[in-house]
Structure formats: structure tokens, C-alpha cells
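For the record, in the sequence shown the residue sitting at position 15 is 15 according to this note's numbering, with numbers rising by one throughout.
All C-beta atoms in this analysis are idealised placements derived from N, C-alpha and C, irrespective of residue type, glycine included.
Here the structure is a predicted model, which means the values were calculated and not measured.
I have placed the structure first, in the form of C-alpha cells, so that the comments after it can refer back to it.
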Amino acid sequence: MPRKPSNTPSASPLDVPAIAPRSGTATDKALLSAATKEAYKRVNLLLTAYFEDFSPAQQRRIREAIGANARAKPPGRAKVPKVPKAPKAQKEALTPRFWLPFSGETWSGRGRPPAAFLAWEGTVAHTEWKKHHPGERFPTYPA
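Rendered as C-alpha cells:
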């Protein structure tokens, strides 16, 4: 429905006098300053909230109007702060499955065998032990 024009004069927020009065009381200046600050806050709020909704041509015209050609984009919406990651759970100590009786070194059987176990495989002690335990690779941990 079209809007009917009103005969009563109304003050529009966009009707700003072209030339500010040169002499005025401190109250007038304070009121003008407060109104200017409020208008700036409202315009800034609207631009930051809805800037992304404008077309690229409209965004360009807004930037030209406010003289922000040096900056590619106005500040975007507020970013959500990063949430710190939860610390990793402590690995539970694995119970040893194998051990070397002469050195007391143990191994859980997971992952690659330690260097001490690999070095022990080629020794005479390993060969003697293998004669008595043919189906095992390393001595089991006595638990």
C-alpha cells in the first residue's frame, strides 16, 4: 500500500543542516555531539551487520561514499574465539609381555621391537634359548 504524504513537517534523521551554526551555546553543541555519536554508532552497526548482504556493486559504492578505498573489505562480523583443545588422555602403561633376563629390559609386544631385543636375536644366548623354546621369539615376562 503506498504511503500517503503528510502535510505536517517532520524532522528526518537524514535532514542535517548543510552549515552548522557558528555560534551556539554549550548545550546545543553537546546535543549535536551526542546526536552525531549516536548516528555514527547506528550507521556503523548497520554496515557491519548487513554489509555482506549487499551486492558487490553496492559494497563498492558504500566504500567509495565513506572513503574506504584503501581497505578491500570493512571489518566482518565478530569472530568466534577458538576453543582450546582438550589435553590428550595419558597413555596407560602397558604391561610388559617380553623381557631379556640378562639386562632386565622389557617390551609390551606392540610396535617395533626395541634395539636391545633385535641385537639379542643374533647372539649365542638367543640360539641356546631358542633350542628350549622353539615356538617363541622372545622370553615372556615372568608375571
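By the neighbour-count criterion, in which 16 or more other beta carbons inside 10 Å mark a residue as buried, Leu-45 falls on the exposed side. Among the bridge pairs identified by DSSP, Thr-106 is matched with Trp-99. Look at Thr-36 here: in three-state DSSP terms it is helix. Secondary structure of Thr-48 (DSSP, three-state): helix.
A direct Cα-to-Cα measurement between Asp-53 and Lys-88 gives close to 41 angstroms. Between Pro-114 and Glu-105 a beta carbon distance of about 7 angstroms is seen, short of the 8 angstroms cut, so the two are scored as contacting.
The beta carbons of Leu-100 and Ala-116 sit closer together than 8 angstroms. In the same chain as Trp-120, and ignoring 5 residues on each side of it, the C-beta atoms closer than 7 angstroms to its own belong to Leu-100, His-126, in chain order.
When the beta-carbon positions are compared, Arg-97 and Thr-140 come within less than 8 angstroms of each other. The criterion of a C-beta distance shorter than 8 angstroms is not satisfied by Ser-108 and Leu-118.
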